[in-house]
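220 is the number that my numbering gives to position 192 of the sequence shown; each next residue is one higher, with no gaps. The beta carbon of each residue, even a glycine, is placed where N, CA and C say it ideally should be. All values derive from a computational prediction rather than experimental measurement.
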Amino acid sequence: MEVFISETYEEMSKAAAKVVAKTLNAKPDAVLGMATGSTPLGLYKELVRMHREEALDFSQCTTFNLDEYVGLPVTHEQSYHYFMHENFFKHVNIPLQNIYIPSGTTDNYPAFCEWYETRIEECGGIDIQILGIGSDGHIAFNEPTSSFNSRTRLKTLAEQTIDDNARFFEKRQDVPIYAITMGVGTILEAEHIILLANGENKADAVAAAVEGPVTSMITASALQLHPETDVFVDGPAATKLQMADYYNWIQKMKPGAPQM
Ligand code: GLP
């Protein structure tokens, strides 16, 4: 794991966007793993800017989203389908047929989940997976105690997650209780993972994920087992990191390091 601490949310988003752009420039037909939530909005904004101003090209890439609420039609403003189109897809040049988002309205969840996993495999696997983190340390909708070998499946949301996400809905009762999500095992197969976190309310989850024991109670801690994970945090989200000085020192000393 490598940890990049930026002072502000904007700087954090730009640093993460550079990594995605680098992947895309090196491999124009890369498979991108997309995340929702408020965290990656700045990253998407920066990628859209790069597309407009620096001709960053998405025309050959394929995307797979992490998760979707069960029961929300794609037209629902809080569905992750709607979120992705509004905040990212409609502003860049990814062909519609290359966009995959789990269905929250299928009548056969097991068959859909199996198909989704197969599609990821057929497309060559995910080159770079973007992740946020829930305040209970979850990634995608892999709530505490999700198996590290889990695959795309239906999950019951934790009450903490329902509380956290209630701010996006008119009332708490409107938040879906179930979601379809890539598993921890699915995520760990991505070639490269970037996890983003901002704000003080993520500080505990970030510290537990990066420096705590590897435990299914904090599913983001599974990323400690992944060889290519970069963690991008802003100042407030980094406040509980015991080794923050070391992470900053590594970045400072990098230019002089022997080439690998
Ligand atoms: C949801 C999503 C996660 C996301 C988390 C945090 O639970 N399934 O992918 O990381 O929310 O959201 P936010 O970035 O809004 O704090």
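Residue i Cβ short of 8 Å to the ligand GLP heavy atom set
{"i": "Asp202", "result": "no"}
{"i": "Asp191", "result": "no"}
{"i": "Ser174", "result": "no"}
{"i": "Pro264", "result": "no"}
{"i": "Ala63", "result": "yes"}
{"i": "Ser244", "result": "no"}
{"i": "Gly160", "result": "yes"}
{"i": "Leu94", "result": "yes"}
{"i": "Thr67", "result": "yes"}
{"i": "His119", "result": "no"}
{"i": "Ile167", "result": "yes"}
{"i": "Thr180", "result": "no"}
{"i": "Thr209", "result": "yes"}
{"i": "Ser163", "result": "yes"}
{"i": "Lys55", "result": "no"}
{"i": "Lys73", "result": "no"}
{"i": "Lys230", "result": "yes"}
Contact set for residue i: own chain, Cβ-Cβ below 7 Å, skip 5 residues either direction
{"i": "Gln188", "result": "Ser163 and Asp164"}
{"i": "Leu100", "result": "Gln106, Ser107, Gly132 and Pro204"}
{"i": "Ala194", "result": "Arg200 and Val203"}
{"i": "Met29", "result": "Val238, Leu251, Gln252, Thr257 and Val259"}
Reduced DSSP secondary structure (H/G/I, E/B, other) of residue i
{"i": "Gln157", "result": "strand"}
{"i": "Phe32", "result": "strand"}
{"i": "Lys183", "result": "strand"}
{"i": "Ile205", "result": "coil"}
{"i": "Val259", "result": "strand"}
{"i": "Ala225", "result": "strand"}
{"i": "Gly213", "result": "helix"}
{"i": "Leu269", "result": "coil"}
{"i": "Thr300", "result": "No answer is possible for residue 300: it lies beyond the span of the chain, which begins at 29 and ends at 288."}
{"i": "Gly284", "result": "helix"}
{"i": "Val242", "result": "coil"}
Contacts around residue i, its chain only, beta-carbon distance under 8 Å, and the 5 residues preceding and following it disregarded
{"i": "Ala265", "result": "Ala225, Asn226, Gly227, Glu228, Lys230, Ala231 and Val234"}
{"i": "Thr36", "result": "Asp262 and Gly263"}
{"i": "Ala206", "result": "Per the sequence presented here, residue 206 reads as Tyr, with Ala not at that position. Around Tyr206: Tyr97, Val98, Gly99, Leu182, Lys183, Thr184 and Leu185."}
{"i": "Pro172", "result": "Asp164, Gly165, His166, Ala186, Ser244, Met245, Ile246 and Thr247"}
{"i": "Arg147", "result": "Phe92 and Tyr128"}
{"i": "Leu253", "result": "Phe176, Leu216 and Val242"}
{"i": "Val76", "result": "Phe116, His119 and Val120"}
Own chain partners of residue i with C-beta closer than 6 Å, once the 5 adjacent residues on each side are dropped
{"i": "Leu269", "result": "Ala235"}
{"i": "Phe291", "result": "No statement about residue 291 is possible, as the shown extent of the chain runs from 29 to 288 and does not include it."}
{"i": "Glu145", "result": "Arg179 and Thr180"}
Check: residue i C-beta below 8 Å from any heavy atom of the ligand NAP
{"i": "His113", "result": "Because the ligand NAP does not appear in the structure shown, any question about it cannot be addressed here, the ligands present being the ligand GLP."}
If we count Cβ pairs, one from each stretch, closer than 8 Å, do we get three or more for the segment 248-258 versus the segment 215-224? As far as the Cβ criterion goes, the segment 248-258 touches the segment 215-224, which means the pair count is three or higher.
Quick one: complete alpha helix (DSSP H) runs, 4+ long, within the segment 63-104? Runs of the alpha helix (DSSP H) spanning 4 or more residues and lying entirely within the segment 63-104 occur at 69-82, in chain order.
At 4 residues or longer, what runs of the alpha helix (DSSP H) sit wholly inside the segment 107-148? Complete alpha helix (DSSP H) runs here, min 4: 108-115.
Does the count of Cβ pairs from the segment 172-182 and the segment 62-74 closer than 8 Å reach three? With the cut-off at 8 Å, the segment 172-182 and the segment 62-74 do not touch.
With three or more C-beta pairs closer than 8 Å as the rule, is the segment 112-125 touching the segment 79-91? The answer is yes - the segment 112-125 touches the segment 79-91, with three or more Cβ pairs under 8 Å.
Are the segment 149-160 and the segment 54-62 in contact at 8 Å, needing three or more beta carbon pairs? By the Cβ test, the segment 149-160 is in contact with the segment 54-62, since at least three Cβ pairs between them sit closer than 8 Å.
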